[in-house]
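Chains as they are written, first to last, in the working numbering: chain A, 1 to 511; chain B, 512 to 883.
Idealized CB from N, CA, C, for every residue including glycine.
I have placed the structure first, in the form of structure tokens, so that the comments after it can refer back to it.
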């Protein structure tokens, strides 16, 4: 049942679970042309895990930035333990016990864990007392289940470990309120579970934990209270115990959504994409491939699961002919296209790269120009035809833009991705290589993209789907391959897939 | 708090107002220096305007000064468009002049004048391309910083033309000139035709044609489209199948060719010989200013070049004033205009948020806040 925050009984003094530690009242924040937060109320209690759920651009990050002193609200106030405060900077917020772990870590890679933890702590003498910091790190990591070694160099740690360092860092500064921004986006299922244990331990210790996410299942399993944001305002405030994925999705989007793409039982046909014994050396930290062989057949979606950095990028780029592997061949429809992007396109391959801005699209160019980006052109351009083409595709793919000559970068993320997909799908490919095609998109756009891919599969197109979002892989794929350190360590049919097994394989402990 | 706020959309008048204000501020700074050196700034500025814009012949001379600036401005423009920074138009212009005068002297009277002129133009462009070839290849294959290579080669080119005329008995030097070495005159037939009694010459027509051609290339050809993609993102260009290395070389060669044409225009239309004193007045460097002020827009290059040409032309006129204003004031104004124009670029993209003004305050733009 959606209720507003004010319906809760006012904080009483009996019991640690009921004290409002932070209250935000009527927060209003605009950026030129955008109302990021409109009349937002939020109430955090000690000992609760409070999820902030919403699509991209719903205003979650702005609210978090207001709560941590990064932005000043235009109107409204923040109260700490009932007293109004002005938080002029993240440092001040930290001094008041409010800390945040950002999606992009703010760690010094060459420093040790202890050094990173002590960084910015002004109570430390000029020559920091290393044993004290070490002791604190060990103590905190034991207390909250955050295994980190204080003398490890941060640059050597995995992403999951770095996240633990970030959490230890805020705990070391003695926060009562901890905001976690999309914390699971970089974790394996097992790491996510461990993080959840930590979050619960912190809540049990009387801290308020704000869990910012757009993943419905996760929010349901970790949060006590869920605040859903939409279009800068509060769409609802619900108890996790009596809500459902369906209700949350509806609150987020404002209408019913269908997240599972229609899975037909199309028969897989001819091999349309084949990677044969492909190896790529580690180049500029983009990951490597190690004698990898795989095929994609017509009418099937092959999902590549894996933790980011295990070879996804070279796999996509090798498949698309963009990089030449050190060994092995790539064939599209039986034709050898190794290392030749234009040949790969000619043979029937379309590629939706992970970086849609800056690789898939040149964002300073117009929509019409971007729709022509990968086409073959005569020396003299026919711009009149470009613009009619653009109008047609904009209609067909529901691209919301003022016109074909609109600068692409001025569109929303979902529309930008639609421009990319429109171009790649309009080429009528036999195989689509799609890398993280829905990352960063809002629920409505995700739905649209997934259905486009599913529809192409129905029409007999082979799809190689590379994504770090395991739910997406499982929802769309017919066959799932797990990529770990450049090798395929696990393969299963999507209907027999088991999250635990996939998770173990993603962590390198697969069978 | 005083701060900057990103404009969500830039009103059209800003694009006019900002450069105009930049020029006025530059004049104000120039005035301070004039007052210090004991000149009346208003008189000086009035003389400058009269000398460059107020009479037919004055304006004609302004156009003569503007001619090479249009070409070097285009040279900078094409490379800057793809985020390649050719700072070497100066040197490419000298070598263009060397090749143009060389071919004119070689041909002598063996060909009709128009053929000789065409050969000079081709040789000028070729010379500019030749001189940027090594930086271009080094940039494309070795990722050598082209700013440094092209900039340093300017000195090489300057020393080379000085050596040709002053330091050796080269083919370019007039053997009849004893005491005061100078370049050998090119044959009369190879002189660029002039407009009536003015000094405006064929070079201006070439420059204007070049503007149209560059506009066409940028907007209507596959080459221009590829430049646009490459200028946005190298990764997008690679993805789109643009042959990135060849494009880098081709764009830099085009840039060098335009600068070389400016050198040919000086030889054929102005000094009529290889003349280091006429060439080494910073026309290549001024091209960078022209390109920047034109916001990399080929059409605007003409207007900006005429404005700067006027300032340069007036510098000479100033020396004839009774109080003998140094002509360096022109160079100083040119620099001040560039500084103010680049500085005011911020105002095109951002709005100032005054401490006393109401409305949505921003301590920093979201991106900047994120970075802290």
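query                                                                                                                                                                                               : result
Can you tell me which of the three DSSP states residue 366 of chain A falls into?                                                                                                                   : strand
Does the structure place the region 797–807 of chain B close enough to the region 845–857 of chain B that three or more beta carbon pairs sit under 8 Å?                                            : yes
So is residue 625 of chain B buried or exposed if we call it buried at 16+ other beta carbons inside 10 Å?                                                                                          : exposed
Please specify which runs of the alpha helix (DSSP H), each continuous and at least 4 residues long, are wholly inside the region 172–253 of chain A, giving them in chain order.                   : 189–204, 216–222 and 245–253
Count the other C-beta atoms from every protein chain shown that fall within 10 angstroms of the C-beta of residue 608 of chain B, then say buried if there are 16 or more, exposed otherwise.      : buried
So which residues on chain A does residue 747 of chain B lean against when the C-beta distance must stay under 8 Å?                                                                                 : 358, 359, 360, 361, 362 and 373
When the cut-off is 8 Å and only beta carbons count, does residue 490 of chain A lie next to chain B?                                                                                               : no
Please report the straight-line C-alpha distance between residue 161 of chain A and residue 148 of chain A, rounded to a whole angstrom.                                                            : 7 Å
For residue 651 of chain B, would you say it is in contact with chain A, using Cβ-to-Cβ distances shorter than 8 Å as the test?                                                                     : no
With burial defined as no fewer than 16 other Cβ atoms inside 10 Å of the residue's Cβ, what is the status of residue 402 of chain A: buried or exposed?                                            : exposed
In chain order, what residues of the same chain have a beta carbon less than 8 Å from the beta carbon of residue 140 of chain A, not counting five sequence neighbours either side?                 : 146, 168, 171 and 172
Would you call the region 460–471 of chain A and the region 421–441 of chain A touching, i.e. three or more CB-CB distances under 8 Å?                                                              : yes
On the DSSP letters alone, give me the boundaries of the beta strand (DSSP E) that residue 705 of chain B sits inside.                                                                              : Premise fails: residue 705 of chain B is in no beta strand (DSSP E) and is neither H nor E.
Quick one: which unbroken beta strand (DSSP E) runs of 3-plus residues sit fully inside the region 22–90 of chain A? Chain order, please.                                                           : 34–45, 49–54, 75–80 and 83–85
Where are the alpha helix (DSSP H) runs, 4 residues long or more, that stay fully inside the region 635–718 of chain B, in chain order?                                                             : 657–673
Listing by chain order, which chain A residues have their CB less than 9 Å from the CB of residue 739 of chain B?                                                                                   : 362, 364, 365 and 369
Provide the residue span of the beta strand (DSSP E) that contains residue 295 of chain A, from first to last.                                                                                      : 289–297
Per DSSP, what are the beta-bridge partners of residue 618 of chain B in this structure?                                                                                                            : Per DSSP, none; premise fails for residue 618 of chain B.
Under a CB-based cut-off of 8 Å, is residue 591 of chain B close to chain A?                                                                                                                        : no
My understanding is that residue 175 of chain A touches residue 98 of chain A, with C-beta atoms under 8 Å, so please give their C-beta distance in whole angstroms.                                : 6 Å
Pick out the complete alpha helix (DSSP H) segments inside the region 470–499 of chain A, 4 residues or longer, and give them in chain order.                                                       : 470–476
Look up residue 562 of chain B in the DSSP assignment and give the residues it is bridged to.                                                                                                       : In the DSSP output, where bridge partners are listed per residue, residue 562 of chain B has none listed.
Taking Cβ to Cβ, would you say residue 785 of chain B is nearer than 8 Å to residue 672 of chain B?                                                                                                 : yes
Kindly list the residues whose CB is nearer than 6 Å to the CB of residue 277 of chain A, restricted to its own chain and excluding five residues on each side of it in sequence; keep chain order. : 291, 293 and 328
Based on Cα-Cα distance, which residue from A:60, A:111, A:318 and A:394 lies nearest to residue 442 of chain A?                                                                                    : A:60
Bridge partners of residue 276 of chain A, per DSSP?                                                                                                                                                : A:329
By how many angstroms is the C-alpha of residue 358 of chain A removed from the C-alpha of residue 445 of chain A?                                                                                  : 20 Å
Does the structure place the region 482–497 of chain A close enough to the region 309–316 of chain A that three or more beta carbon pairs sit under 8 Å?                                            : yes
Flag this pair as touching only if the region 813–827 of chain B and the region 588–603 of chain B have three or more C-beta atom pairs under 8 Å; answer yes or no.                                : no
Per DSSP, what are the beta-bridge partners of residue 465 of chain A in this structure?                                                                                                            : A:303 and A:434
If we define contact as Cβ-Cβ less than 8 Å, is residue 796 of chain B a contact residue for chain A?                                                                                               : no
Check whether the Cβ of residue 613 of chain B lies closer than 8 Å to any Cβ atom in chain A.                                                                                                      : no
Grab me the residues of residue 58 of chain A's own chain with a C-beta within less than 6 Å of its C-beta, minus the 5 sequence neighbours each way, in chain order.                               : 229 and 230
Under 7 Å Cβ-Cβ, which residues of chain A neighbour residue 752 of chain B?                                                                                                                        : 341, 342 and 374
Ignore the nearest five residues each way along the sequence and tell me which others in residue 542 of chain B's own chain have a CB closer than 6 Å to its CB.                                    : 552
Could one say the Cβ of residue 119 of chain A lies closer than 8 Å to chain B's Cβ atoms, at least one of them?                                                                                    : no
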